[in-house]
Each structure stands twice: as structure tokens, then as C-alpha cells.
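Peer 1: For the sequence shown, our numbering gives the first residue as 464, with consecutive numbering after it. Where is the CB? At the ideal position from N, CA and C, for every residue including glycine. Pasting a structure below so you can have a look.
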Amino acid sequence: MVQQLTTDYEVIVIGAGVAGIYQIKRLIDMGINATVLEGSDNLGGTWYNNRYPGARFDSESYTYGYSFSKEVLEEWHWKERFSSQPENLRYLNFVADKFNLRNHMQFNCKVKAAKFDEQNSIWQLKVSDGRTLSCRFVIMAIGLLSQPTLPKLEGMDDFKGTSFHTYYWPHEGIDLTGKKVGIIGTGATAIQIIPVIAEQAEELYVFQRRPNWSAPLNNSELSEAEMADIRTRYDEIFEACSESPGGFVHRPDRRSFYEVSREERLALWDKLYDEPGFGIWLSNFREIFMDEKANAEFSDYIADRIRQRVKDPVTAETLIPKDHGFGIQRVPLETNYFEAYNRDNVHLTDIQKEPLQRVTETGLRTTARDYDLDVIIYSTGFDAMTGAFDHIDIEGVGGAKLKDKWFEAPATFLGMMIHGFPNLLMPNGPQSGSASTNYPRGIESGVNWLMDLLEYMQDHGYTRAEASKAAEEEWTAEVVEMYKIMLMRKAKSWFTGYNSNVVGHEAGHVRHLVYNGGSPKYMARLQTVAATDYEGVDFEGEPTEPQAKPLQSTA
Ligand code: NAP
């Protein structure tokens, strides 16, 4: 019998966001000695940090919330179809408080390093408060978009006004009334911010490198009666999400683009444009994602919609993407975004034509002129999926660093386990099914799968689990293969691992970060792996007597 060392915790979860909250709930329910280490001073992850005006779901609220508790579903009233950040944060706090999860979370604890002790099969975590904590399993609930990135502009520290990345929007808020504001970036975040702050700022200068395709969110309030109806249909709603490729209530139109007439196509698009949510993207013809001709026809349709909404034809053309088609990057949903450019105080600068040169003490300088600004907002996105991992010095078997292993591109088994990094688990890692779908739906499945794995290990007396090299190679090849059929492979977007501000993540090299097979296929694969005694996972450990289960508290 292997002599097991005592560890501080059996499981350490890193991150107290949507994934970490559910993860710790399940661990506690299973009686496992576990804690959450969270770098911020409170829980909520993305909904704690992103406090910019206009921040809200673009998943239907009632499909975004957790499905695991009937009580929560009964008690929580979503006020809007696409709920806003303050409400979303309140929701996560409500769930955490209801199940006393805060007692199992440690805040202001940023994990700096994680090192696998091969001899004893335990992880040693170095925390920002100076402690080193040991555990058998580390669960990485660190988020997909939690590592913000800034442009590399000369003079950024010289600016005498206020500047920040959208992820660090001041918690106390900032009054932009009467201010000259510059915003760099026109991704999903900026598209939510711009129409809101256009109404506050004296002047708003938008510095756009590449425009994004975008369509209306069509948000509305949810009445008591609507929520009462939704509550009776939660099972049906979650079932529908599990059956749709994106994990949403929206399903692809099963007709072929080429089978129907142009009039029928237009009728579908007119309907979808006016409907709430991602239908315009996900209830469309499947050819839109794979076929250049179909994609071009639909992109032209959306371009015309932009031309109808933006009064100045030059501005309209500047807002229409020319380098990629609709839907092959992550589609931002908007509320009055295009109308914001009809205001006299909103000015669009195409920085491909007029490149940014530097930040000055008083604003931004392009090749054409100086812009005097009181506030600069960097809405320049994230080092998606692998960025948060790279910021922890993770060392596995033989001293191998995860950052080096993933430098070219991530390699995983199911987006949940990594060869060479035993007992390091990810409910929603790179290449998992949650990354490109309605996030919490994927998270719940990921967490449940990991809990089944831990239970299986407990039942069999295993102390160590690691993805086999072959399984990792096979899964990664499958992920790569799926990109080949998607037009997405051509886009400069975080779906292809692109970020011009991160060395090695620039254009020209696709990093296959997301699994594109859709939710049902991914879930079926998870089930098959579990049902075949976790084929693809190498276990180690000695069978133990049932009363000596290694997963019970060892602290
Ligand atoms: P993003 O989509 O990556 O957009 C970043 C923007 O900054 C792009 O317009 C980019 O231009 C520009 N940019 C980056 N570096 C620049 C530089 N050095 N100089 C000039 N421009 C630069 O980031 P995001 O808007 O924060 O959105 C990220 C993701 O977060 C979204 O795709 C979505 O998944 C998620 N999100 C979700 C919600 C929601 O659920 N409601 C809301 C917001 C965001 P290029 O396009 O030319 O690179």
C-alpha cells in the first residue's frame, strides 16, 4: 500500500467564477476537503471584473443560470431576457450564499505557481500571500477570457488623464459627463459600451482597427408572468440547450441554403434580425459557417442593414467588415450600436488608414492628428483561453512547463486533462466543449464529468490520473480537423488564438483553441469515455479498502 502524504487540501479549485462556484458546491456535497483560491477580493469572475456600462449576457438569462438546483430555479427572478452585469453578479452571490460556499473560498489569493511533486503525486501551489499549499488535485476554473491584453503603444504611462482596460473598469464607476473619451477596439465589449457612453461623454472617439459584424440583441424585460412560465419549462429549456450545437435555445435551420429560394432566405433573415439573441447566427443555414458563397450572400444582407441604420455612408462603409464574413468570428450582439454613430459627438477613426502612433500626455496621436482626451478606454480584448494558464508557472512531470508545451497551441484530452500534468483538471479548458457554446451549460457538464472521474478514482483506489499521450494527440487532431471545414479558420479572432498584443499569438498561425463539434457530440464523447472506464486516461494507485478512500479529507 502506497504511503500517502498529508496534504493541505484534497482538491484546490483556482477561480471563484461561474465554474469555480459550481465546482466547489459539488466537491463539498461529496464531502471532499476542498477550497477555492481566488485572486480578486470577491467571487464572480468575469461578472465581478467586467463592470463596464452596457455589460450584459447575450445568452438568454434563463439559459445562462445554473440548472443544478430546483430551489435556485424557483427562487431567482431574471428581470431581463439578457441580464446586465450588476444583476448577474447578484445572482452568483445569491447562489454562493444560499449554499454557504463563501466559507470555502479564499480571496486575494492569486496562484503564482503550481508544481507537481512526482514522487508523492501531489501539487504544491505558491500563493500571492506567501503560502505554499499542497493538494492532490488542482481544478483550473480560471476562465476563458480573464487575461486582459493592452496594445503596445509608446507613451502609455505618460497620459495624465484616466485610462484603463475594460476588464478593470473602476468598481466605483466613472462619471464621463462632459468628458472627452477615446476607446480603442470594436469587439463585443466595445460594442456594448459605445452606445451607452455615447450618451454621457461630451465627445467619444472610437479608434477602430477592424470592424466586427454585429446584429441586434433585441433585449426586453421579463415580467412575473413570463418568469412564471419559464419556471414551468426549465426542464424543457435545458433539454433544448443540450440538444443544440451551441448549447442555446437557438437551433440551426435544417434546410439547405441552396434548397430554398432567395425570397425564403430573406424571409428567414428578416425574421431572425428582429428576434432576441443569437438566432441570427445560430438559427441560420449551416452553410453560412462553411461555404464562402452562402456566407458572402448573408454578409451582404447584414451590410445592407448597417447601411440602413448609419446615416453617413462613409461611416457606414467603415463599419462594414471587408476582411471576413459574418459569423466566422464571435458575433457581438448590440443595442443601438450603429445608431450611436449618427450622433454628433461620436467620431469613428479607422486606424488602418490613420494608424495610432503613440499615447501622449494629453491623449492619442495618430499619423494624422492629436486627439485631446480626458479618458482612454482600452477595449482591446484578452489573451483567450491559454493566457490565464500562462500567467501561472505550471510545472508537471519531469519539470515540463505548461507554458512551453502550449506555446505553439494547446494540446489536451477533451479540453479537461493534459498529458504530463497528472491530476490537473479543467472543467472548461482550451479545446473543451464549453468554450464555443453557452458557457455555463458546458461548465455544468464539465464539472459533473470531473466529479464522476473523482468518484471513479475513489472507488478504484486510484490516486493519479493523467491523459495518455495517444489520447491527447487524437483529441487535438480531432479539434484541428474540425477547423478545416469551418470558415472560422480564416478569421483573426480569439477563436483562432489570434491576439496581436501577445508574442506568438499574432496572425498567420492558427491556435486551435475551441472544439467546434457542437454540444451534443461533445457530451456524447464525454459519456463514452466515462462508460469505457475512462479510456484515454492512465491511472495509478493501489486498490484500497472501501473505508480508506483516498479522496476523503487528508488535512
Ligand atoms: P475582442 O473581441 O478581442 O476585441 C478587441 C478589439 O480591440 C478588436 O476590435 C481589436 O481589433 C482591437 N485591438 C486589439 N488590440 C489592438 C491594438 N493593439 N490596436 C488597436 N486595436 C486593437 O475583445 P472583447 O471585445 O473584449 O471581447 C472578447 C470576447 O469576450 C468576446 O468575443 C466574447 O466572447 C466575450 N464577451 C462576451 C460578452 C457577453 O457575453 N455579452 C460581452 C463582451 C465580451 P482587431 O479586430 O483588428 O484585432
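#1: Nearest by alpha-carbon distance to Ile765: which of Asp754, Gly648 and Asp733 is it?
#2: CB Cys1083 to CB Glu501, shorter than 8 Å?
#3: Quick check: does the Cβ of Phe845 come within less than 7 Å of any heavy atom belonging to ligand 1?
#4: Quick one: grab the DSSP three-state call for Ser908.
#5: So Pro890 and Ala559 are supposed to be a Cβ contact under 8 Å. How far apart are they, rounded?
#6: I believe Val910 touches Tyr485 by the beta-carbon criterion, under 8 Å. Please report the beta-carbon distance rounded to the nearest angstrom.
#7: Report yes if the C-beta distance between Lys542 and Leu685 is below 8 Å; otherwise report no.
#8: For Gly502, which residues does DSSP report across the bridge?
#9: Verify the CB distance criterion: does Ile814 have a CB-CB separation below 8 Å to chain D?
#10: Below 6 Å CB to CB, which residues in the same chain sit around Leu639 once its five sequence neighbours on both sides are set aside?
#11: Relative to the alpha-carbon of Asn505, which residue among Thr849, Leu564, Phe752 and Leu917 has its alpha-carbon at the smallest distance?
#12: Tell me the DSSP secondary structure of Glu452 in three-state form.
#13: Would you call the region 509-522 and the region 489-500 touching, i.e. three or more CB-CB distances under 8 Å?
#14: Look at the alpha carbon of Ala1011 and the alpha carbon of Ser609, and state the distance between them as a whole number of angstroms.
#15: Can you round the beta-carbon distance between Leu950 and Asn758 to whole angstroms, since I take them to be within the 8 Å contact cut?
#16: So is Trp912 buried or exposed if we call it buried at 16+ other beta carbons inside 10 Å?
#17: How far does the alpha helix (DSSP H) with Glu666 in it extend, from its first residue to its last?
#18: Would you call the region 586-598 and the region 623-638 in contact, with 3 or more CB pairs under 8 Å?
#19: Go to Gly826, then tell me how far its beta strand (DSSP E) extends in each direction, as first and last residue.
#20: In its own chain, which residues sit with a C-beta less than 8 Å from the C-beta of Ala933, not counting the 5 before and 5 after it?
#21: Are Ile700 and Tyr525 closer than 8 Å when you measure CB to CB?
#22: State yes or no: is the C-beta of Leu989 within less than 8 Å of the C-beta of Ser908?
#23: So Tyr515 and Gly648 are in contact, right, with Cβ under 8 Å, and what is the actual spacing, rounded?
#24: In the DSSP assignment, find the unbroken alpha helix (DSSP H) run with Trp510 in it and report its ends.
#25: Considering just the uninterrupted stretch of the beta strand (DSSP E) at Gly645, what are its terminal residues?
#26: Consider the C-beta atom of Ala559 and the heavy atoms of ligand 1; say whether any pair is separated by less than 7 Å.
#27: Whose C-beta lies closer than 7 Å to the C-beta of Pro893 among residues of the same chain, with five residues either side of it excluded?
#28: In or out: Ile839 buried (at least 16 other Cβ within 10 Å) or exposed?
#29: Spatial neighbours of Val965 within its chain, please: C-beta separation below 8 Å, excluding the five flanking residues on both sides.
#30: Give me the Cα-Cα distance between Tyr800 and Arg952, rounded to the nearest whole angstrom.
#31: Quick one: what's got a C-beta closer than 7 Å to Thr830's C-beta in the same chain, skipping five residues either side?
#32: Given 7 Å as the limit, tell me if Asn964 has its C-beta closer than that to any heavy atom belonging to ligand 1.
#33: Does the beta carbon of Asp835 fall short of 7 Å from some heavy atom of ligand 1?
#34: Measure the alpha-carbon distance for His968 versus Glu802 and round it to whole angstroms.
#35: If Leu680 and Phe789 are in contact, beta carbons under 8 Å, what's the gap, nearest whole angstrom?
#36: Which value, in whole angstroms, describes the spacing of the CA atoms of Arg806 and Ser719?
Peer 2: The relevant details are as follows:
#1: Position 302 of the sequence shown, counted from the start, is the residue given in the question as residue 765. The option with the nearest alpha carbon to Ile765 is Asp733.
#2: This structure cannot settle anything about residue 1083, because the visible part of the chain is limited to 464 through 1018.
#3: Counting from one through the sequence shown, the residue named residue 845 turns up at place 382. It does: the Cβ of Phe845 is within 7 Å (strictly closer) of some heavy atom of ligand 1.
#4: As a working mapping, residue 908 is identified with position 445 in the sequence shown. Residue state, collapsed to three classes: helix.
#5: For the purposes of this step, residue 890 is identified with residue 427 of the sequence shown, where counting begins at 1. For the purposes of this step, residue 559 is identified with residue 96 of the sequence shown, where counting begins at 1. In fact, because the Cβ distance is near 17 Å, the residues do not count as touching under 8 Å.
#6: Translated into positions along the sequence shown, residue 910 becomes position 447. Translated into positions along the sequence shown, residue 485 becomes position 22. About 5 Å separates the two Cβ atoms, so the contact holds.
#7: The residue labelled residue 542 in the question sits at position 79 within the sequence shown. The residue labelled residue 685 in the question sits at position 222 within the sequence shown. Against a cut-off of 8 Å, the Cβ pair of Leu685 and Lys542 comes out as a contact.
#8: Mapped onto the sequence shown, residue 502 falls at position 39. Per DSSP, none; premise fails for Gly502.
#9: In summary, chain D is missing from the structure at hand, where a single protein chain is found.
#10: As a working mapping, residue 639 is identified with position 176 in the sequence shown. Ile660, Gln663 and Ala664, listed in sequence order.
#11: Within the sequence shown, residue 505 is the residue found at index 42, counting from 1. Checked all of Thr849, Leu564, Phe752 and Leu917; the closest Cα to Asn505 is Leu564.
#12: Past the edges of the chain, shown from 464 to 1018, lies residue 452, and the structure says nothing about it.
#13: no
#14: The count along the sequence shown starts at 1 and reaches residue 1011 at position 548. The count along the sequence shown starts at 1 and reaches residue 609 at position 146. For Ala1011, the predicted structure reports a pLDDT of 36, less than 50, and the residue's modelled location is therefore unreliable. The matter cannot be settled from this model.
#15: Numbered from its first residue, the sequence shown carries residue 950 at position 487. Numbered from its first residue, the sequence shown carries residue 758 at position 295. Confirmed, Cβ separation roughly 6 Å.
#16: For the purposes of this step, residue 912 is identified with residue 449 of the sequence shown, where counting begins at 1. Buried, by the Cβ-count rule.
#17: The residue labelled residue 666 in the question sits at position 203 within the sequence shown. Taken as a continuous stretch (DSSP letters only), Glu666 belongs to no alpha helix (DSSP H), being part of the beta strand (DSSP E) at Glu666 to Gln671.
#18: no
#19: On the sequence shown, residue 826 is found 363 positions in, with the first residue counted as 1. Taken as a continuous stretch (DSSP letters only), the beta strand (DSSP E) holding Gly826 covers Gly826 to Thr829.
#20: The count along the sequence shown starts at 1 and reaches residue 933 at position 470. Closer than 8 Å at the Cβ level, and outside the excluded window around Ala933, lie Gly999.
#21: Start at 1 with the first residue of the sequence shown, and residue 700 comes out as number 237. Start at 1 with the first residue of the sequence shown, and residue 525 comes out as number 62. Yes. Within cutoff.
#22: Position 526 of the sequence shown, counting from 1, holds the residue named residue 989. Position 445 of the sequence shown, counting from 1, holds the residue named residue 908. In this structure, Ser908 lies closer than 8 Å to Leu989 by Cβ.
#23: Working through the sequence shown from its first residue, we reach residue 515 at position 52. Working through the sequence shown from its first residue, we reach residue 648 at position 185. Going by Cβ atoms, the distance from Tyr515 to Gly648 rounds to 12 Å, so no, they are not a contact pair.
#24: Walking along the sequence shown from the start, residue 510 turns up at place 47. Its alpha helix (DSSP H) spans residues Thr509 to Asn512.
#25: Within the sequence shown, residue 645 is the residue found at index 182, counting from 1. Counting along the chain, the beta strand (DSSP E) containing Gly645 begins and ends at Lys643 to Ile647.
#26: Taking the sequence shown and counting its residues from 1, one reaches residue 559 at position 96. Answer for Ala559: no, Cβ out of range of ligand 1.
#27: Against the sequence shown, residue 893 aligns to sequence position 430. Cβ neighbours of Pro893 beyond the five flanking positions: Met848, Thr849, Pro873, Thr875, Gly878 and Leu976.
#28: Your numbering for residue 839 matches position 376 in the sequence shown. It counts as buried.
#29: One-based indexing of the sequence shown puts residue 965 at position 502. Closer than 8 Å at the Cβ level, and outside the excluded window around Val965, lie Thr612, Asp846 and Gly850.
#30: For the purposes of this step, residue 800 is identified with residue 337 of the sequence shown, where counting begins at 1. For the purposes of this step, residue 952 is identified with residue 489 of the sequence shown, where counting begins at 1. So the two alpha carbons sit approximately 27 Å from each other.
#31: The residue you call residue 830 lines up with position 367 of the sequence shown. Taken in chain order, the residues that qualify are Glu817, Pro818 and Gln820.
#32: Within the sequence shown, numbered from 1, the residue matching residue 964 stands at position 501. Yes, the beta carbon of Asn964 sits closer than 7 Å to at least one heavy atom of ligand 1.
#33: Against the sequence shown, residue 835 aligns to sequence position 372. False, no ligand heavy atom lies under 7 Å from that Cβ.
#34: The sequence position of residue 968 within the sequence shown is 505, counting from 1. The sequence position of residue 802 within the sequence shown is 339, counting from 1. Whole-angstrom Cα-Cα distance: 33 Å.
#35: In the sequence shown, counting from the first residue as 1, residue 680 sits at position 217. In the sequence shown, counting from the first residue as 1, residue 789 sits at position 326. The Cβ separation is near 16 Å, so there is no contact.
#36: Taking the sequence shown and counting its residues from 1, one reaches residue 806 at position 343. Taking the sequence shown and counting its residues from 1, one reaches residue 719 at position 256. Their backbone Cα atoms lie some 40 Å apart in a straight line.
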